[in-house]
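Residue numbers (our numbering): 1305 to 1844. All C-beta atoms in this analysis are idealised placements derived from N, C-alpha and C, irrespective of residue type, glycine included. Notes follow once the structure below has been shown.
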């Protein structure tokens, strides 16, 4: 008897110790994994997120991970990047994919979570509110027309319905994450206890009358309990080619159902916390930390694969505030370098800004070769118009157009179908226009100090007179008084390429050549004096 008691205590101790270490957990065969890779997604979702997850999924494969967990803590993000990530999960990630909402996943995060095979949620987690929105830098959110909203919603609704069918979730329920016009009621069949989420049309078929509007904004969702989960774990992925598994209600169903409550009201988006998500079948379990995740899979090893520092840097460089500054700096330094010979630092700054502007989006998958070519061609045409070709004609217009289209294009990462590009295009337009305005102010300020430069001197109506021995400084005049007459001879005191300085008598002026380069010390003749600008040529 003593031996049996001792043996029993030993067995209990072994079992208890094993359970405490998480090694004896009832894990379904389809979920079992030896090595689990946790891929964290923190902050806004964009194309950098997509590229980063693509890299980390490959890394997880090299490490031998047979399950991946997408850890989500995000307010949302770009719609195109979201759909790309969903496709990536379905095609490149292991079939044993789990979303872990830790602790929040709104908008894009919710759609990505639905694309995974299963969903874990932090005990205090929350997700939902996945309607598409449009906004502009600084301005904020803008109202979308009804037709445009419907067009933008279409690919998102298709995505979440597809995910619901694969996972065996209620299609109507997941649509309430996206469509602000969706109203849902929870009903239960009296005889069988089967529960359904129905819209107003289905409610009328089941009850023969319009549904009651019971829900006020901000009220908690009706509690339903764990038994509502729509699919067994073995059927977590259904073939999307199969017809919708939803039951079709008819007038013959009247009298068989009772109302449990209104789940979502008009002009409201579905947002659920952990308990609601478990009750509605939107989540399969809870996990507060990495150890809980390991036990969920019955795994022996959990590895974390986070975003790299280079990906974080690229995300910073392609953000609209940084790109606005870079565009303005590039334009201002580009014009100063052309206008002020010898100031190589401005050329270096313009080149560096240009490289970052086109390099960072190229790494992020936003810029393509034709956009980079347009930017370079635009700069070349504008330079030719300002400093070589007289007047403002085709070259100038074409250059500005190429430059503008190229810069805006680096904000758009593709996906021109179904309006997926509109948000990126609006951001690109607003950022580039704001940068152009800032650059115009900077160029005007530079023109006030450089003067005498074709293009610059059209912005100011003053000229420079000074004695060259006075430290090379120039005294600004308010008018053309004291300017040399047409035909006057002088000497170039600096290189003219084509802008520079020339001395006529005892006064030095900012001048520009007729397009040719003139060396310092060469004799020059005044060709024209107009609008505060002195144009010269080499004197024969």
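Local Cβ density within 10 Å of residue i, reported as buried at 16 or more and exposed below that
i: residue 1678; result: buried
i: residue 1923; result: In this structure the chain extends from 1305 to 1844, so residue 1923 is not present and cannot be described.
i: residue 1817; result: buried
i: residue 1413; result: buried
i: residue 1588; result: buried
i: residue 1612; result: exposed
i: residue 1501; result: buried
i: residue 1518; result: exposed
i: residue 1459; result: buried
i: residue 1354; result: buried
i: residue 1620; result: exposed
i: residue 1514; result: exposed
i: residue 1745; result: exposed
i: residue 1840; result: buried
i: residue 1410; result: buried
i: residue 1760; result: With a pLDDT of only 46 at residue 1760, under 50, the local geometry of the prediction cannot be trusted, and the value read off the model is given with reservation. Residue 1760 should be labelled buried.
i: residue 1590; result: buried
i: residue 1332; result: exposed
i: residue 1649; result: exposed
i: residue 1802; result: buried
i: residue 1790; result: exposed
i: residue 1698; result: exposed
i: residue 1535; result: Since pLDDT at residue 1535 reaches only 37, below the 50 mark, its modelled position is unreliable, and the value read off the structure follows with that caveat. By the neighbour-count rule (16 or more Cβ atoms within 10 Å), residue 1535 is buried.
i: residue 1330; result: exposed
i: residue 1494; result: exposed
i: residue 1399; result: exposed
i: residue 1538; result: Model confidence at residue 1538 stands at a pLDDT of 37, short of 50, so the residue's coordinates are unreliable; what they give is reported in the following sentence. Burial call: exposed.
i: residue 1811; result: buried
Euclidean distance between Cα positions of residue i and residue j
i: residue 1356; j: residue 1683; result: 33 Å
i: residue 1352; j: residue 1334; result: 31 Å
i: residue 1321; j: residue 1595; result: Per-residue confidence for residue 1321 stands at a pLDDT of 39, beneath the threshold of 50, marking its modelled position as unreliable; no derived number is given.
i: residue 1580; j: residue 1570; result: 19 Å
i: residue 1701; j: residue 1821; result: 25 Å
i: residue 1845; j: residue 1358; result: A query on residue 1845 cannot be resolved here, the shown segment of the chain reaching from 1305 to 1844 and no further.
i: residue 1336; j: residue 1741; result: 58 Å
i: residue 1618; j: residue 1561; result: 55 Å
i: residue 1788; j: residue 1686; result: 29 Å
i: residue 1397; j: residue 1516; result: 44 Å
i: residue 1834; j: residue 1815; result: 11 Å
i: residue 1838; j: residue 1707; result: 29 Å
i: residue 1479; j: residue 1386; result: 16 Å
i: residue 1463; j: residue 1345; result: 20 Å
i: residue 1486; j: residue 1468; result: 16 Å
i: residue 1829; j: residue 1807; result: 11 Å
i: residue 1542; j: residue 1592; result: Low confidence applies to residue 1542: its pLDDT is 41, below 50, so where it sits in the model is not reliable enough to give any reading.
i: residue 1795; j: residue 1824; result: 8 Å
i: residue 1379; j: residue 1426; result: 16 Å
i: residue 1653; j: residue 1453; result: 42 Å
i: residue 1826; j: residue 1641; result: 22 Å
i: residue 1456; j: residue 1407; result: 27 Å
i: residue 1798; j: residue 1831; result: 18 Å
i: residue 1511; j: residue 1578; result: 31 Å
i: residue 1395; j: residue 1728; result: 25 Å
i: residue 1624; j: residue 1666; result: 15 Å
i: residue 1609; j: residue 1365; result: 12 Å
i: residue 1567; j: residue 1481; result: 12 Å
i: residue 1558; j: residue 1466; result: 30 Å
i: residue 1492; j: residue 1508; result: 14 Å
Whole-number beta carbon distance between residue j and residue i, since they are thought to touch under 8 Å
i: residue 1703; j: residue 1716; result: Residue 1703 to residue 1716, Cβ: 21 Å. No contact.
i: residue 1631; j: residue 1661; result: 7 Å
i: residue 1847; j: residue 1435; result: Because the chain in this structure spans residues 1305 to 1844, residue 1847 falls outside the shown range and cannot be described.
i: residue 1564; j: residue 1490; result: 4 Å
i: residue 1553; j: residue 1506; result: 5 Å
i: residue 1750; j: residue 1633; result: Actually they do not touch by this definition, with Cβ atoms about 12 Å apart.
i: residue 1488; j: residue 1476; result: 6 Å
i: residue 1341; j: residue 1372; result: 5 Å
i: residue 1576; j: residue 1586; result: 6 Å
i: residue 1793; j: residue 1843; result: 6 Å
i: residue 1747; j: residue 1639; result: 5 Å
heavy atom of the ligand SAH below 6 Å from residue i C-beta
i: residue 1688; result: Within the structure as shown, the ligand SAH is missing, as the structure has no ligands at all.
For this session: Give, in chain order, every unbroken run of the alpha helix (DSSP H) that is at least 4 residues long and sits entirely within the stretch 1599-1648.
Result: The stretch 1599-1648 is shown to contain whole alpha helix (DSSP H) runs of 4 or more residues at 1613-1621, 1624-1643, in chain order.
Exercise. Counting pairs of Cβ atoms below 8 Å between the stretch 1596-1607 and the stretch 1621-1630, do you hit three or more?
Worked result: Touching, no, given that fewer than three Cβ pairs across the two stretches are closer than 8 Å.
Problem set entry | 3 or more residues per run - each beta strand (DSSP E) lying fully within the stretch 1392-1457 | Complete beta strand (DSSP E) runs here, min 3: 1401-1410, 1422-1425, 1430-1432, 1438-1440, 1444-1446.
Problem set entry | Stretch-stretch touch, CB-based, cutoff 8 Å, three pairs: the stretch 1398-1414 with the stretch 1422-1437 | With contact defined as three or more Cβ pairs closer than 8 Å, the stretch 1398-1414 and the stretch 1422-1437 are in contact.
For this session: For the stretch 1541-1597, list the beta strand (DSSP E) runs that are entirely contained and at least 3 residues long, ordered along the chain.
Result: List check, beta strand (DSSP E) in window: 1561-1568, 1575-1577.
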